[in-house]
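Colleague:
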Amino acid sequence: MVIVASDNGIPQRKNVTDIKIKVTDINDNAPKFTKSSYTGSVLVANAKEGDKVLTVSAQDPDIGNNSKIIYRFSNVSPHLNLDGDTGVISLASDLSSVTENTMINLTVIASDHGEVPLSSAGDVNLNGFCSYKDLDYIPGYICHKYIPLYKIYDLFIM
C-alpha cells in the first residue's frame with residue numbers, strides 16, 4: 001500500500017511511503033472429520049498384517065501450519081495401526097488371536113499444528129468376522145467368497 005501525505009503550503013510539499021501489511025492466520029478452527037464415524041469390516045481368515053482397512057480424513061480451513069493435520073488413536077490398539085500423516089488404518093497383525101466375531105471401537109484424534117493445537121475426535125468401528133457364514137446374518141449384505149471382505153469395506157452398512 002502506498003501512502004501520500006501532503007500539506008497546503010506554497011510550495012506544496014508531500015512525502016510518499018510504502019507500507020507492507022502481512023496478514024497471518026490465527027489458529028481459530030479445529031480440524032473437522034469428513035464423516036461422523038468410520039466403519040469397516042475384515043474377514044479374519046483373510047487378514048494379513050499391513051492390510052489397509054479404513055482411511056480417516058479431516059479438514060482444517062486455517063492456512064499454513066494451522067491447517068496441517070496429524071492423526072492418532074486415543075488408546076493403543078493391538079489390532080490396528082494408524083498412519084499419523086495419511087489417516088490410513090491398517091492391521092497391526094494377521095488377527096490370529098481373534099477367535100470369535102469382534103467389534104473394535106476406537107476414537108481417532110485429528111490435531112492441527114497450530115502454536116496452540118486444536119483437535120477433534122471421530123469414531124472408528126471395525127467388525128472382525130471369523131467366517132463367511134457370519135456375514136449371512138447382516139441384513140441386506142451378500143457375501144461373495146471370491147472377494148476378500150477387507151477390499152469392499154466401503155460397501156458395508158450396519
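Letter by letter, the sequence shown follows residues 1 to 158 in UniProt numbering. A virtual CB, placed ideally from N, CA and C, is assigned to each residue, including glycine.
(1) Mind checking GLY9: buried by the 16 CB within 10 Å criterion, or exposed?
(2) Could you round the C-beta distance between ASN81 and SER74 to whole angstroms and report it? I think they count as a contact, below 8 Å.
(3) Pick out whichever of GLU100, LYS14, SER96 and ALA30 has its Cα sitting closest to the Cα of LEU71.
(4) Which one or two residues does DSSP pair with residue 164 in a beta bridge?
(5) Relative to the C-alpha of THR55, which candidate in GLY64, ASN46, MET1 and THR39 has its C-alpha closest?
(6) Once the 5 residues before and after ALA92 are set aside, which same chain residues still bring their CB inside 6 Å of it?
(7) In whole angstroms, what separates the C-alpha of VAL88 from that of LYS22?
(8) For SER41, does the count of other Cβ atoms within 10 angstroms reach 16, so buried, or fall short, so exposed?
(9) Between LEU118 and GLY128, what straight-line distance do the alpha-carbon atoms span, to the nearest angstrom?
Modeller: A quick look at the data gives this:
(1) exposed
(2) Contact flag wrong, Cβ pair sits at about 15 Å.
(3) Sequence inspection shows Tyr at residue 71; the Leu mentioned does not correspond to that position. For the residues GLU100, LYS14, SER96 and ALA30, the minimum Cα distance to TYR71 belongs to ALA30.
(4) No answer is possible for residue 164: the residues shown for the chain start at 1 and end at 158.
(5) THR39
(6) HIS79, LEU80 and ASN81
(7) 36 Å
(8) buried
(9) 32 Å
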